[in-house]
Amino acid sequence: MDINDCRFTRLSDGKVTLLTPAGDRHEAVRLVRAFPFTAANGPVAVVDSKGNEILRIKDPESLSLTHQEFIQNQIKREEFLPRIQFIKSVSQGTPHQWNVATDRGENTFEQAASDGVVWHPDGSVSITDCDGICYLIPAVQKLDRHSRRLLERYS
Numbered sequence: 002m003d004i005n006d007c008r009f010t011r012l013s014d015g016k017v018t019l020l021t022p023a024g025d026r027h028e029a030v031r032l033v034r035a036f037p038f039t040a041a042n043g044p045v046a047v048v049d050s051k052g053n054e055i056l057r058i059k060d061p062e063s064l065s066l067t068h069q070e071f072i073q074n075q076i077k078r079e080e081f082l083p084r085i086q087f088i089k090s091v092s093q094g095t096p097h098q099w100n101v102a103t104d105r106g107e108n109t110f111e112q113a114a115s116d117g118v119v120w121h122p123d124g125s126v127s128i129t130d131c132d133g134i135c136y137l138i139p140a141v142q143k144l145d146r147h148s149r150r151l152l153e154r155y156s
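Structure (structure tokens):
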């Protein structure tokens, strides 16, 4: 199926409907990055409300400009990936309590598990909390000295 022949519609409640050239209508679909950390501009999956993949867009940049803009805007609307700008403190005990400042405001969260801090090859770090929310540090080297020291405990 050629994605350029499909039609996306965003309803007033924010939900997205996909209409295929065959006339199949998929309601409440989500557009998600297939590899959000290692290929943020790479493949995008269109999934149904149960998380089943309907189709995969291997190269979003090969789509029509209309589709590219819709997909980029929708991903930005749905993507909840707070970016940590400063680490105020991390508790010594287990589970670790993080007190951070993000691009969405200050927050305190509990680290999910001992392996909840993941260092990525591109120099970014992701931290997953006990609610499954992933926090991103896009570039460790851009953090202030205090934040880097706290984070280095988990390298």
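With this note's numbering applied, the sequence shown has no gaps in its numbers, which climb one by one up to 156 at the end. The C-beta atom is built at its ideal place from N, Cα and C for all residues, glycine as well.
{"Item": "Going by DSSP in three states, Arg98 sits in which element: helix, strand or coil?", "Value": "Checking the sequence shown, residue 98 turns out to be Gln, not Arg. Three-state result, Gln98: strand."}
{"Item": "When you compare only the Cα positions, how much space is there between Leu151 and Val91?", "Value": "7 Å"}
{"Item": "Closest to Ala23 by C-alpha separation, out of Leu32, Arg8, Val17, would be which residue?", "Value": "Arg8"}
{"Item": "If you draw a straight line from the alpha carbon of Glu79 to that of Gln73, how long is it in whole angstroms?", "Value": "10 Å"}
{"Item": "Compare the beta carbon distance of His45 and Val30 with 7 Å and say whether it is the shorter of the two.", "Value": "Before going further, note that residue 45 is Val rather than His in the sequence given. No, the pair does not count as a contact, with Cβ atoms beyond the cut-off."}
{"Item": "Leaving aside the five residues before and after Ile4 along the sequence, list all residues of the same chain whose C-beta is less than 8 Å from its C-beta, in chain order.", "Value": "Leu56, Ile58, Leu64, His68"}
{"Item": "If you drop the 5 nearest sequence neighbours on each side, which residues of the same chain put their C-beta closer than 6 Å to that of Leu20?", "Value": "Arg8, Arg26"}
{"Item": "Starting from Asp108, follow the beta strand (DSSP E) in both directions and report where the run begins and ends.", "Value": "Here residue 108 turns out to be Asn, not Asp, going by the sequence shown. Note, Asn108: beta strand (DSSP E), 106-111."}
{"Item": "Can you tell me which of the three DSSP states His121 falls into?", "Value": "coil"}
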